[in-house]
Amino acid sequence: MRASKTEPASDNPSDSAGAVAALESFMPRVLSRDDGPLYRQLVAILREPITSGTLQPGTSLPREADLAERFGVSLITVRQALRDLENDGLIKKRAAKPAIVTAPAAPAMPSFGFRSFAQIAESTKGRALEIHSYRKERSAAATAAFGLKPDEACHCLRATLHQKDGPTGQTTFYFPPAIGSRLKRADFDDVVVFRAVQRHLGIQLSGAKITVRADIADEALAKALDYAVGGPILVIEMLYLSAEGEPVELTINKNRADLFSLSYDAPNDLE
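Okay, so the sequence shown: first residue is 3 according to the numbering used here, each after it adds one.
In structure tokens, the structure reads:
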């Protein structure tokens with residue numbers, strides 16, 4: 003394959019401001035009907051430098067007539083190949099201008115409802131919990147949630163939630179002294195911690211009070227989550243209650259906002 007070349011864009015203001023791909027950007031090849039439909043062969047040739055990153059988003063492809071001449075095919079074949087590439091989101095066709103390479107679509111962001119314990123558990127699917135520590139700590143948030151004395155410590159589990167591509171959130175779990183003293187680090191054997199607590203202690207949770215707020219990543223959190231300092235963080239605080247209405251667990255999730263979101267349906271209940 004010959005080295006990729008680009009040509010400067012035209013000075014005409016109506017032309018694209020990006021580079022123009024030279025014909026040499028595409029591997030020379032004789033197309034034959036014996037190898038299948040010509041347009042599909044052409045699609046494969048045009049696709050390679052786009053998907054490999056050789057042609058950057060905003061680069062204009064050669065003119066249809068030039069592509070037809072280079073590969074010895076008709077304009078109809080070239081246009082069909084370009085339609086397929088556009089349908090795949092790799093290029094954008096333009097009236098009276100060469101097509102341009104488009105930026106790859108952003109991956110869909112997972113979004114969850116958190117309307118039930120099942121939905122909370124679903125948000126951890128495909129993820130793993132990396133536990134850092136389990137020890138007694140003082141926390142203003144836990145003190146308020148559990149009704150503790152100002153100088154009273156509670157048990158705290160610190161962990162990071164990972165998916166296959168890296169960390170997605172930092173999670174801290176607080177337990178009242180009466181609950182935390184009955185748990186040990188080895189008991190947290192489920193990525194869904196409240197489920198492990200129920201199983202090991204033989205208790206039944208009745209529900210959770212959930213608060214969502216926005217924050218930004220400080221230097222320490224950004225480093226832990228492989229994220230930009232100042233990047234948006236979605237904080238979710240969940241206070242789990244026993245069947246008697248007593249607090250059992252306070253969970254504080256600090257999620258990368260580019261990897262996690264919440265969504266809800268709102269019925270029209272106004273008359």
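All C-beta atoms in this analysis are idealised placements derived from N, C-alpha and C, irrespective of residue type, glycine included.
Margin query: Considering Cα atoms alone, identify which of 90, 88 and 48 is closest to residue 73.
Written below: Out of 90, 88 and 48, 48 has the C-alpha closest to the C-alpha of residue 73.
Notebook entry, point to check: So, are the CB atoms of residue 101 and residue 63 less than 7 Å apart?
Noted result: With respect to the 7 Å criterion, residue 101 and residue 63 are classified as neighbours on the basis of their beta carbons.
Item checked: CA-to-CA distance, residue 68 to residue 128, given in whole angstroms -> Spanning the alpha carbons of residue 128 and residue 68 requires a straight line of approximately 48 Å.
Check: With DSSP run on the structure shown, which of helix, strand or coil describes residue 205?
Finding: Under the three-state reduction of DSSP, residue 205 is assigned to coil, being neither helix nor strand.
Margin query: If I follow the unbroken alpha helix (DSSP H) through residue 148, where does it start and stop?
Written below: Start and end: 142-148.
Check: So who's on the other strand from residue 217, going by DSSP bridges?
Finding: Within the DSSP bridge table, the entry for residue 217 names 235 as partners.
Check: DSSP on residue 264, reduced to helix/strand/coil?
Finding: Residue 264: strand per DSSP, three-state reduction.
Checklist line | Buried/exposed call for residue 185, threshold 16 Cβ in 10 Å | finding: So residue 185 counts as buried.
Next item on the list: Under the assumption that residue 214 contacts residue 264 (Cβ atoms under 8 Å), give the Cβ distance between them as a whole number of angstroms.
Entry: Correct: roughly 6 Å between the Cβ atoms.
Check: Whose C-beta lies closer than 6 Å to the C-beta of residue 34 among residues of the same chain, with five residues either side of it excluded?
Finding: Excluding its 5 nearest sequence neighbours in each direction, residue 34 has no C-beta neighbour in its own chain below 6 Å.
Margin query: Between which two residues does the alpha helix (DSSP H) holding residue 121 run?
Written below: First-last of the alpha helix (DSSP H) with residue 121: 119-124.
Next item on the list: Could you check if residue 216 is buried or exposed, using at least 16 other CB atoms within 10 Å of its CB as the buried criterion?
Entry: Residue 216 counts as exposed, since fewer than 16 other C-beta atoms from the protein chains shown sit within 10 angstroms of its C-beta.
Checklist line | Spatial neighbours of residue 189 in its chain, beta-carbon cut-off 7 Å, leaving aside the 5 residues before and after | finding: If you ignore the 5 residues before and after residue 189, its C-beta comes within less than 7 Å of the C-beta of 198 and 202, all in its own chain and listed in chain order.
Item checked: Continuous beta strand (DSSP E) assignments of at least 3 residues falling wholly in the stretch 31-112 -> The stretch 31-112 contains these whole beta strand (DSSP E) runs: 93-96 and 99-103.
Checklist line | the stretch 118-126 touching the stretch 143-153, judged by at least three CB pairs closer than 8 Å | finding: No, they do not touch.
Check: Could you give the C-beta distance for residue 88 and residue 77, rounded to a whole number, given that I count them as a contact under 8 Å?
Finding: So it is not a contact: roughly 16 Å between Cβ atoms.
Notebook entry, point to check: What distance in whole Å lies between the Cβ atoms of residue 163 and residue 170, which are believed to be in contact at a cut-off of 8 Å?
Noted result: With 8 Å as the limit, residue 170 and residue 163 qualify as a contact, their Cβ atoms being about 5 Å apart.
Item checked: For residue 115, the nearest candidate out of 249, 232 and 262 (CA to CA) -> Relative to the Cα of residue 115, the nearest Cα in the group 249, 232 and 262 belongs to 262.
Check: Given a threshold of 16 other Cβ atoms within 10 Å of its Cβ, counted over all protein chains shown, does residue 221 qualify as buried or as exposed?
Finding: Looking at its Cβ environment, which holds fewer than 16 other Cβ atoms inside 10 Å, residue 221 is exposed.
Checklist line | Contacts around residue 211, its chain only, beta-carbon distance under 8 Å, and the 5 residues preceding and following it disregarded | finding: Hits under 8 Å: 240, 241 and 243.
Notebook entry, point to check: Could you give the residue range of the beta strand (DSSP E) that holds residue 179?
Noted result: Careful: residue 179 lies outside any beta strand (DSSP E), inside the alpha helix (DSSP H) at 179-182.
Notebook entry, point to check: Taking the DSSP output, what are the residues bridged to residue 240?
Noted result: Its beta-bridge partners are 212 and 253.
Item checked: Between the CA atoms of residue 223 and residue 248 - distance to the nearest angstrom -> Each residue's alpha carbon lies about 31 Å from the other.
Checklist line | Terminal residues of the beta strand (DSSP E) in which residue 159 lies | finding: First-last of the beta strand (DSSP E) with residue 159: 156-165.
Check: Smallest Cα separation from residue 142: which of 270, 252 and 21?
Finding: That would be 252, whose Cα lies nearest to the Cα of residue 142.
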